[in-house]
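Trainee:
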Amino acid sequence: MPVKNILVIRDDRFGEFLLNIPALRALKERYPAADLTLAVKADVRELAQCVEYSDRVIVWDDDFRRSLRKQRFDICVVLDPTKEAHWQAFFAGIPIRVGYNRKWGFLLTRKIEDNKSLGLKHEVEYNLDLVGLVEAKTNDKSLSLGKLPTHTDPEYAGAIAIHPYTSDPLKQWPIERFMELARRIAREMKVKVVLVGKAPSSIGMADELVNLVNKTSLVELAQILRQCRLLVSCDSGPMHLAASVGTRVVALFRHDLPGKTARRWGPWGKGHIVIERANLNEITVDEVLKNVLEMKI
Numbered sequence: 008m009p010v011k012n013i014l015v016i017r018d019d020r021f022g023e024f025l026l027n028i029p030a031l032r033a034l035k036e037r038y039p040a041a042d043l044t045l046a047v048k049a050d051v052r053e054l055a056q057c058v059e060y061s062d063r064v065i066v067w068d069d070d071f072r073r074s075l076r077k078q079r080f081d082i083c084v085v086l087d088p089t090k091e092a093h094w095q096a097f098f099a100g101i102p103i104r105v106g107y108n109r110k111w112g113f114l115l116t117r118k119i120e121d122n123k124s125l126g127l128k129h130e131v132e133y134n135l136d137l138v139g140l141v142e143a144k145t146n147d148k149s150l151s152l153g154k155l156p157t158h159t160d161p162e163y164a165g166a167i168a169i170h171p172y173t174s175d176p177l178k179q180w181p182i183e184r185f186m187e188l189a190r191r192i193a194r195e196m197k198v199k200v201v202l203v204g205k206a207p208s209s210i211g212m213a214d215e216l217v218n219l220v221n222k223t224s225l226v227e228l229a230q231i232l233r234q235c236r237l238l239v240s241c242d243s244g245p246m247h248l249a250a251s252v253g254t255r256v257v258a259l260f261r262h263d264l265p266g267k268t269a270r271r272w273g274p275w276g277k278g279h280i281v282i283e284r285a286n287l288n289e290i291t292v293d294e295v296l297k298n299v300l301e302m303k304i
């Protein structure tokens, strides 16, 4: 059966979405003549449109789900398993339904066991394993945002970015240490330091720091990070975004949380540094600053 129309569903946060780029590339290389539709959350759509391997990016919402049967997809790949996605693909009559064997995995036609929680390899590699069920593979496993607009702002050229937040309190390095690190980098390295990301409340700022917290879209953040020489972050979406635009990362991780370690979720690619401890409070500002300096930026 010729494959003309492929649907890929990844309905979660933007950091996880970015780690699917090599899998999308593999699908496009295997089925170059097929139209590839990417279904994502509404707040990820603008960023997803910067990935060059999809022909269409839509929001995975009620309107699109109601139209699934009319779309006549040949293959559906559910990269993040949910009962709803599995049921909708089945109900739409998509002939080849690919995903993980959980959350109503019996509705899938091709599936693998979901042992990602063991964290035995990187999320990028798990995603490539999944699309391998439809003979998709690639030699290029890099992250890229090939359609990211080429906007530049001289203000951020060569800056060091700090993302002091994470969505999981168990993976949070103390905010006050991030702020001390930012001030020391600005003063001792004589470079501009930019605070980025989203936060529920404001934090104290020093005059020498640039505060972009809660002030950028994901695409704007990607453009800024692309100009920065380095990002310091805990496990977070901006960490993966920096890696996707070719900016090196110093990442802080716990190594005692099964399935949440750097082995599975660390910055993908070469040139990054990961500092791991069982307790992030054991990581000192001096240690992080030393690693920043050793990046030879």
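Under my numbering, the residues of the sequence shown are numbered 8 to 304, in order. Ideal Cβ positions, reconstructed from N, Cα and C, are used throughout, including at glycine.
1) Helix, strand or coil, according to DSSP, for L259 in the structure here?
2) Going by DSSP, what residues sit across from C235 in a beta bridge?
3) Does the separation of the CB atoms of L228 and V203 fall below 7 Å?
4) Would D35 pass as a contact of Y60 if the rule is Cβ separation under 7 Å?
5) The alpha helix (DSSP H) that contains H93, what's its start and end?
6) Please report the residue range of the beta strand (DSSP E) in which R20 lies.
7) Per DSSP, what are the beta-bridge partners of T44 in this structure?
8) Tell me whether L127 is buried or exposed, calling it buried when 16 or more other Cβ atoms sit within 10 Å of its Cβ.
9) Can you give the beta carbon distance from F21 to G244, rounded, assuming they're within the 8 Å contact cut?
10) Which residue from I65, P102 and D42 puts its Cα closest to that of K11?
11) Can you give, in chain order, each stretch of the alpha helix (DSSP H) that sits fully within the region 126 to 162 and has at least 4 residues?
12) Hey, how far is the Cα of M302 from the Cα of R255?
13) Taking its Cβ as the centre, do 16 or more other Cβ atoms sit within 10 Å of E183, making it buried, or is it exposed?
14) Do you know whose CA, among H158, E162 and W94, lies nearest L219's CA?
15) One question on the structure: do C235 and L259 come within less than 7 Å of each other, judged by their Cβ atoms?
16) Check for me: the alpha helix (DSSP H) holding N298 runs from which residue to which?
17) The alpha helix (DSSP H) spanning H247 covers which residue range?
18) Under a three-way DSSP split, which group does G273 fall into?
19) What number of angstroms, rounded off, separates the C-alpha of N221 from the C-alpha of P9?
20) Using the three-state DSSP reduction, which class does L115 fall into: helix, strand or coil?
21) Are the beta-carbon atoms belonging to F80 and I101 less than 7 Å from one another?
22) Could you pull out every residue in the same chain whose Cβ sits closer than 6 Å to the Cβ of L155, ignoring the five residues on either side in sequence?
23) Compute the Euclidean distance between the alpha carbons of V226 and E120, then round it to the nearest angstrom.
24) When we look at the beta-carbon of N288 and count the other beta-carbons within 10 Å, is it buried (16 or more) or exposed?
25) Strictly by DSSP, which residues pair up with N218?
Mentor: Let's see:
1) Three-state result, L259: strand.
2) Paired residue(s): none; C235 is not in a bridge.
3) Yes, the pair counts as a contact, with Cβ atoms nearer than the cut-off.
4) Correcting the residue identity first, residue 35 is Lys in this sequence and not Asp. It is a contact, given that the beta carbons lie within the stated cut-off.
5) Segment K90 to F98, the alpha helix (DSSP H) holding H93.
6) If you look at R20, you'll find it isn't in any beta strand (DSSP E); DSSP assigns it neither H nor E.
7) DSSP lists L14 and R63 as partners of T44.
8) With fewer than 16 other Cβ atoms within 10 Å, it is exposed.
9) Under the criterion of beta carbons closer than 8 Å, F21 and G244 qualify as touching, at roughly 5 Å.
10) For K11, the closest of I65, P102 and D42 by C-alpha to C-alpha distance is D42.
11) Within the region 126 to 162, the complete alpha helix (DSSP H) runs of at least 4 residues are 130 to 138.
12) If you draw a straight line from the Cα of M302 to the Cα of R255, it is about 9 Å long.
13) By the C-beta density criterion, E183 is exposed, having fewer than 16 other C-beta atoms within 10 angstroms.
14) Comparing Cα positions, the closest option is E162.
15) Remark: C-beta atoms of C235 and L259 do not approach each other more closely than 7 Å.
16) First-last of the alpha helix (DSSP H) with N298: V292 to E301.
17) Run containing H247: G244 to S251, per the alpha helix (DSSP H) assignment.
18) In the structure shown, G273 falls within a coil segment according to DSSP collapsed to helix, strand and coil.
19) Roughly 46 Å separates the two Cα atoms.
20) Note: L115 maps to coil in three-state DSSP.
21) Closer than 7 Å, so yes.
22) In its chain, beyond the 5 residues on either side, C57 and A229 have a beta carbon closer than 6 Å to the beta carbon of L155.
23) Spanning the alpha carbons of V226 and E120 requires a straight line of approximately 34 Å.
24) Exposed.
25) According to the DSSP secondary-structure assignment, N218 is paired through a beta bridge with L202.
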